[in-house]
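Engineer:
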DNA sequence: CCATATGGTCAACGAAACTGACCAATGGAG
DNA sequence: CTCCATTGGTCAGTTTCGTTGACCATATGG
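Chains as they are written, first to last, in this note's numbering: chain G, 157 to 307; chain D, 157 to 307.
1) Check whether the Cβ of residue 221/G lies closer than 9 angstroms to any Cβ atom in chain D.
2) Determine the chain D residues that contact residue 199/G at a beta-carbon separation under 9 angstroms, and present them in chain order.
3) Does the pairing of the segment 299 to 306 of chain G with the segment 250 to 265 of chain G give three or more beta-carbon distances under 8 angstroms?
4) Going along chain D, which residues have a C-beta under 7 angstroms from residue 190/G?
5) Could you tell me if residue 202/D is buried or exposed, where buried requires 16 or more neighbouring beta carbons within 10 angstroms of its beta carbon?
6) Using 8 angstroms as the threshold, is the segment 163 to 170 of chain G in touch with the segment 159 to 177 of chain D, meaning 3 or more CB pairs across them?
7) Rounded C-beta distance between residue 162/D and residue 280/G? I'm assuming under 8 angstroms.
8) Exposed or buried, residue 297/G, counting other C-beta atoms within 10 Å across all chains shown (16 or more means buried)?
9) Taking Cβ positions, are residue 181/D and residue 264/D nearer each other than 9 angstroms?
10) Taking only the alpha-carbon atoms, compute the straight-line gap between residue 268/G and residue 275/G and give it to the nearest angstrom.
11) Residue 296/D bridges to which residues according to DSSP?
12) Shorter than 9 angstroms from the beta carbon of residue 182/G to some beta carbon of chain D?
13) Can you list, in chain order, the residues of the segment 157 to 187 of chain D whose Cβ is nearer than 9 angstroms to any Cβ on chain G?
14) For residue 224/G, I'd like the list of residues in its chain whose CB is within less than 6 angstroms of its CB, leaving aside the five on either flank, ordered along the chain.
15) Can you give me the start and stop residues for the beta strand (DSSP E) that residue 205/G sits inside?
16) When the cut-off is 9 angstroms and only beta carbons count, does residue 230/G lie next to chain D?
17) With a CB to CB cut of under 8 angstroms and the five nearest residues on each side skipped, what residues in its chain are close to residue 229/D?
18) In terms of residue numbering, what span does the alpha helix (DSSP H) encompassing residue 239/G cover?
19) I want to verify the contact list: residues of chain G whose CB lies under 7 angstroms from the CB of residue 242/D, in sequence order.
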């Protein structure tokens, strides 16, 4: 039988990790998270976004992005502030709750990777991370690309 | 800075690979593919599915699954046949066009993995595949899990 | 300083999920 | 055997989250 494409293994692994992530986030009180929230929070942790940034990141119209930001603001993950340099624009800042969510996710991911290490060893897990980072950076000017919804 | 979670690297890699896959599939005439199609086709290549199989696989109601099958049948990727053992059920078979799509996808993935090998070497690519398969099988009774939509 | 481009929202519409209601066939308990 | 609860599937109506179209306020270059 031919090799299973890496992309397909990534999809299986993503399903496995993200399902477990959400189970454990729910235990910690983070419920009813839309899939889209994570992408916007991760990007807004790097720097404040504008609505258009969200639209580009999510590959959606700015109208849809605006509604998404409404929802995230209503749930307390994001704060709309006036933009310092452009009176038309709004500056979208991650809230303290948003940061707590990302920190919880990262702690849970570390636990899950610990379980992987018990199966294939920490060295293999580390090698996988290094190799993935190298490939991804090679196709993005030496930087990791943003985390975006799949196609 | 803390390690980037593997799950996030998988998401980046999936976006990259799947975007390129769809560009190249479009060049070969496969256009207007819904994301959901791939999951159903992959599973139906293994064995004919029922509507309920589709609903479980996709984690959707059987009503939604029925509509999805309608769409896939209309596009010629799937064929509904009477079920041999159960007169209520329908047997969903992948069509020749569906098989051609999966074969094209696999050929394109092989090309893309070749490009990865040019960056990190074929050995690393192979190691990644082996390690991923090992971890995934370890949590699924020695079998690879189905490819399912993420969360 | 005016014309055009850009950031954002409101309103109406559409795709694709959902819930509820239902029918036909199955299959185990008596 | 014959019920009748369970299961596979669809039809109809609703909800969610995207879309397109119209529009306003601010920015910006000729």
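C-beta atoms are modelled at their ideal positions from N, C-alpha and C, and glycine is treated no differently.
Structural biologist: Judging by the given coordinates:
1) Chain D, which has no Cβ nearer than 9 angstroms to the Cβ of residue 221/G, makes this no.
2) What residue 199/G touches in chain D: nothing, since even the nearest Cβ is about 12 angstroms away.
3) Too few Cβ pairs lie closer than 8 angstroms, so no.
4) Annotation: residue 190/G has no Cβ neighbours in chain D at a cutoff of 7 angstroms; minimum Cβ distance is about 10 angstroms.
5) Exposed, because fewer than 16 other Cβ atoms sit within 10 Å of the Cβ of residue 202/D.
6) The segment 163 to 170 of chain G is in contact with the segment 159 to 177 of chain D.
7) Rounded, the Cβ-Cβ distance is 11 angstroms, inconsistent with contact.
8) Counting Cβ neighbours within 10 Å, residue 297/G comes out exposed, since fewer than 16 surround it.
9) Contact check for residue 181/D against residue 264/D passes: the beta carbons are separated by less than 9 angstroms.
10) About 11 angstroms.
11) The partner list for residue 296/D (beta bridge, DSSP) is empty, contrary to what the question assumes.
12) So, not an interface residue.
13) Residues 158, 159, 160, 161, 162, 163, 164, 165, 166, 167, 168, 169, 170, 171, 172, 173, 174, 175, 177 and 178.
14) Correct list, in chain order: 192.
15) First-last for residue 205/G: undefined, no H or E at that position.
16) Output row for residue 230/G: interface = no.
17) These residues qualify, in order along the chain: 235 and 236.
18) Counting along the chain, no alpha helix (DSSP H) covers residue 239/G, and no H or E run does either.
19) Those do not exist, as residue 242/D stays about 29 angstroms from chain G at its closest Cβ, beyond 7 angstroms.
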